[in-house]
Structures are given as structure tokens and as C-alpha cells.
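Note that this note's numbering numbers the sequence shown so that position 22 is 28, with each residue one more than the last. Beta carbons are placed, not taken as given, at the ideal position from N, Cα and C, and that holds for glycine. Heads up: the structure comes next, in C-alpha cells.
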Amino acid sequence: MLKIIKNKLQIKGFTLIELIVAMSVFVILTSVAVGGFINMMRNQRIVTAMMAVNDNMGLTLEQMAREIRTGYNFCRISSSKIQFVNAKNEVVRYRLNNESVEKGISATSGSQTPGCDDASDSWFSYGKIIADNVSINKFDIKVCGKNIDNSIVLGNCGSGDSRFPPRITLSLSITSAEPDVKKIGVYVNTQTTVSSRIIKK
């Protein structure tokens, strides 16, 4: 009996201080690991959202460039709005509206071009041409060259004066429309220049 009691007295355990220290270290390491994992997941979501934005913006720019390339009688209405006649003889406009690019088609044909001003917007039926996950901060249009219709004067393209075919430069600053990504303020700047293939002979 005495031997059993003696053996029980020799059993060692952790003190309260050791348990508190061990638990504190475990909690700190777990918090750091979980915080790092959450941060990694958030960054992955941001990168995925921006990749989707780039894909959608690329498609939109390609659509606009294709139509501009075969268009004529260009008119820059404002820094973010352009009008021209496309290959189908439709009078079209591209504009920035509510952080999105819209395309407007006029009820008139190319032979009855509406005026080159904001007042003629009522002639156009507009529709969004960019995905909902894209938010556009800036849409800047620069136009230069020589139009088929000499009454619409374009800007100077440089040393060649305005003898070049119409040259349109589209500059955009885009981000994701997701609130978590948008509040970080990560913007991608993209630009393309397109020359019209239809020139005055």
C-alpha cells in the first residue's frame, strides 16, 4: 500500500504557468496561420477578378476597334464620346455612361448623319457592351486625320498634318466592379490606336 502511494507522488505534470504559456503560443501561431490564409484567399479573389476584367475589356476593345477600322466620317463629340458611320451604313456612337461603355445606334442611315453634338443623343438607342463585373474609371478618346466628309474636321496627327486617314486612340482605366476589389483602388490602364481603312481618294 505504501508503495502505491509513493509511486503516485512521483508522477509529474504541467504547472499552470506552463499550460498558459503553451496555450498562448498555440493561439498566436493559429491566429497568424489563419490570418495569412485569409489574406491569401482575398488576394487570390482580387487577382481572379482583375483577370476577368482584363478578358472582358479586351473583348470590348476588339469589338470597338473592328467597327472603327471599317468606319468613316468620324466625329469626336467629347473626350468620352465618338460618332461615326460603320460598315453597315449605321450611324453609331460609343460613350462612357455610369462607369460602363455603351454603344448607340441611330435610327438614321449614314446618308442622314445626325449632328455631331450631345443634343443629337435622342436619335440613338444605347445599350451596354461591357460585362457587369467591369467598372470604368476613365474613357478618353483622341481623333486625328482626314475624314471622307471634309466638313467634319479632325485633329492634327503630327508632322503629316491632317492628311492621314482617321486615327482613333482609345484609353481606358478599369477595375473590377466588386466592392471589395474596387475599394482597394487597383486600376488597369489600357490603350489602343486604330486607323480607318476607308480614306478619301
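Problem set entry | Length of the line joining the Cα atoms of D146 and K189 | 23 Å
For this session: Under the assumption that N209 contacts V59 (Cβ atoms under 8 Å), give the Cβ distance between them as a whole number of angstroms.
Result: Since the first residue shown for the chain is 7 and the last is 207, residue 209 is missing from the structure and cannot be characterised.
For this session: Starting from the C-beta of F130, find all residues in its chain whose C-beta is less than 7 Å away, skip the five residues before and the five after it, and write them out in chain order.
Result: R99, G110, I111, S112
For this session: Within the same chain, show all residues whose beta-carbon is closer than 7 Å to that of A183, passing over the 5 residues directly before and after it, in chain order.
Result: D138, N139, V140, S141
Exercise. In this structure, what does DSSP give as the bridge partners for G161?
Worked result: C150
Exercise. Taking DSSP as the reference, what is the three-state secondary structure of V192?
Worked result: coil
For this session: Return the bridge partner residues of L35 from the DSSP annotation.
Result: Partner(s): none; L35 has no beta bridge.
For this session: Decide if N79 is buried, meaning its Cβ has at least 16 other Cβ atoms within 10 Å, or exposed.
Result: buried
Exercise. Nearest-angstrom Cα distance between Q197 and I136?
Worked result: 16 Å
For this session: Round the Cβ separation of S202 and R75 to the nearest angstrom and send it over; I've been treating them as touching at under 8 Å.
Result: 6 Å
Exercise. So, using beta-carbon positions, are N62 and G77 closer together than 8 Å?
Worked result: No, the pair does not count as a contact, with Cβ atoms beyond the cut-off.
Exercise. Rounded to a whole number of angstroms, what is the C-alpha to C-alpha distance between N45 and V38?
Worked result: 10 Å
Problem set entry | Beta-carbon spacing of D123, I83 below 8 Å | yes
For this session: Would you tell me roughly how many angstroms separate the C-alpha atoms of C150 and L67, rounded to the nearest one?
Result: 19 Å
For this session: List the whole-angstrom C-beta distance separating L208 from S126, where the pair is believed to meet the contact cut-off of C-beta under 8 Å.
Result: As shown, the chain starts at 7 and ends at 207. That puts residue 208 outside it, with no answer to give.
For this session: Tell me where the beta strand (DSSP E) around T181 begins and ends.
Result: 173–182
Exercise. Which residue comes first and which comes last in the beta strand (DSSP E) that contains K134?
Worked result: First-last of the beta strand (DSSP E) with K134: 130–134.
Problem set entry | Burial state of T54, where buried means 16 or more other Cβ atoms lie within 10 Å | Note on T54: under 16 other CB atoms within 10 angstroms of its CB, so exposed under the neighbour-count rule.
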